[in-house]
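Top to bottom, those sequences are chains A and B.
Once you know that position 108 of the first sequence is 279 in the numbering used here, the rest is easy, because the numbers rise by one and skip nothing.
Once you know that position 99 of the second sequence is 730 in the numbering used here, the rest is easy, because the numbers rise by one and skip nothing.
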Amino acid sequence: QWDEPRVCARRYLKVDFADIGWNEWVISPKSFDAYYCAGACEFPMPKIVRPSNHATIQSIVRAVGIIPGIPEPCCVPDKMNSLGVLFLDENRNVVLKVYPNMSVETCACR
Amino acid sequence: SHSAPSWPFSPTAADNLQESPPGDAATAALGPGPQDMVAVHMLRLYEKYNRRGAQPGGGNTVRSFRARLEVVNQKAVYFFNLSSIQDSEMILTATFHFYSEPPRWPRARDVPCKPRAKSTPCRMLPPGPTRLHVLFRSLAQNAATQGLLRGAMALALPSRGLWQAKDISTIVKAARRNGELLLTAQLDSGERVPGVPKSTPRAPYILVYANDLGISEPNSVAVTLQRYDPFPAGDPAPRAAGVRNSSADPRVRRAAQAPGPLQDNELPGLDERPARAPLAPHFHKQELWPGPFRTLKPRPARKERRRKGQDSFPAIPSQVLDFDEKTMQKARRR
């Protein structure tokens, strides 16, 4: 993990429903690759972090130091994927729900 | 096993869902023990979604409802509790799935007739029931009535055991509109029900395909999946919600403290001052550095240092880094 890039990027994270105590009612999947975003959004931001216009302006203001206390933009999920989950509801009937935004496809500075 | 039902399902067609043993995925996912058809069916929908990403039934939610069997006025009546449907779920379609047992006797036309003697023509067996009548009623949760008749169907009985499905969207939508979330289905084939029918894995079930309008809310997964603490209150070792028993927990805890004493790069012989302590007003730059070079004082032994300024040194004994003379001079100059 230490040799991962400093810049804002997607990092690997596998979530096991047993680890968060949901395995009692989640039938499938048992685990899924959720990933997460971490890294710097320092000025000048490389294209790869796909900054929004606002993030670009914010990082310049911070670099110039005109206004104290402005943080650098945040490294957050940009594109995300859905996940179908099969689980038991309170009456122990089987339910299938397709939840959006459950895993990270790309990260960006915002 | 037989082919999986082709979903999303056009609910009007009778879906000849052959009963087939669940695949090993179903057994693995649904655990050991007899899998009822509804669980296998739902797993197929899940696998179909994962394979093709096609939204099941055009929505983002499929709810299944198992039947509870009761005998009312010597008739087998199946109760379906639809109360788990969320307010944010807009019902798209609903289907009623039932298994028609193979007829107990072969019907007249099924038996080839071989008259034993001229005088004894074939003895035609009485025709078994060819249709199954289903009456749907809906009632509120704690109503004492038999419920309001919502619909009736006459279903053809095939000549062999088969799963069939019928569209009951209008019945379910009307019942929900009236807040009557208990639906009953009375199956009547005209035969007398010998004794009390027992519930079997082939009990009928209902599937409701819906679009959950609240699923795009930021924390929709918590609404349906983040529940009470799965360990009942008064549990001998009450644990935080969802944290597994540490003894049975195979997860490896990782130490947080840094290995070995902290390295720091304080300059030997200079009187360290906490980085953030504000300098007293009478202090000026040159007083801090009287000459270009300060004479190096031999560092007091660790014990004395610690005794002398207990609070100014970190409690943790720090390792001094050795620098050569040239680096020291550079550092001083800087």
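Glycine is no exception: its CB is placed at the ideal position from the N, C-alpha and C atoms.
A residue is called buried once 16 or more other Cβ atoms fall within 10 Å of its Cβ, and residue 679 of chain B is buried on that count. For residue 266 of chain A, the enclosing beta strand (DSSP E) covers residues 265-275. If you check each beta-carbon in the segment 258-281 of chain A against every beta-carbon of chain B, the ones closer than 9 Å belong to 258, 260, 261, 262, 263, 264, 265, 266, 267, 268, 269, 270, 271, 272 and 273.
For the segment 762-833 of chain B, the continuous beta strand (DSSP E) assignments of 3+ residues that do not extend past its boundaries occur at 762-770, 779-787, 793-798 and 813-819, in sequence order. Annotated three-state conformation of residue 207 of chain A is strand, per DSSP. In terms of beta-carbon proximity, residue 197 of chain A lines the interface with chain B, with at least one pair separated by less than 8 Å.
Around the C-beta of residue 731 of chain B, 16 or more other C-beta atoms lie within 10 Å, and the residue is accordingly described as buried. Each residue's CA atom was taken as its position, placing residue 726 of chain B and residue 183 of chain A some 41 Å apart. Look at the segment 687-710 of chain B: the residues with a C-beta under 9 Å from a C-beta of chain A are 687, 690, 691, 692, 693, 694, 695, 696 and 697.
With a cutoff of 8 Å on beta-carbon distance, residue 261 of chain A and residue 715 of chain B are scored as near each other.
Each residue's CA atom was taken as its position, placing residue 783 of chain B and residue 766 of chain B some 4 Å apart. The beta-carbon of residue 236 of chain A is placed no less than 8 Å from the nearest beta-carbon of chain B. The closest CA to that of residue 712 of chain B, considering only B:961, B:786, B:790 and B:771, is found on B:771. The beta carbon of residue 804 of chain B sits closer than 8 Å to those of 722 and 725, all from its chain and outside the five residues before and after it, given in chain order. For residue 956 of chain B, the enclosing alpha helix (DSSP H) begins and ends at 956-964. Under the 8 Å criterion on CB atoms, residue 210 of chain A is classed as non-interfacial with respect to chain B. Burial check for residue 672 of chain B: the Cβ neighbour count within 10 Å reaches 16 or more, so the residue is buried.
Per the DSSP secondary-structure output, residue 183 of chain A pairs with nothing in a beta bridge. Under the three-state reduction of DSSP, residue 255 of chain A is assigned to strand. For residue 851 of chain B, the uninterrupted alpha helix (DSSP H) run begins and ends at 851-856, by DSSP.
Setting aside the 5 residues that flank it on each side, residue 785 of chain B is surrounded in the same chain by 762 and 764, each with a C-beta closer than 7 Å to its C-beta; the list follows chain order.
Contact annotation for residue 255 of chain A against chain B: 677, 680 and 681 [CB-CB distance below 7 Å, chain order]. Chain A has no Cβ within less than 8 Å of the Cβ of residue 726 of chain B.
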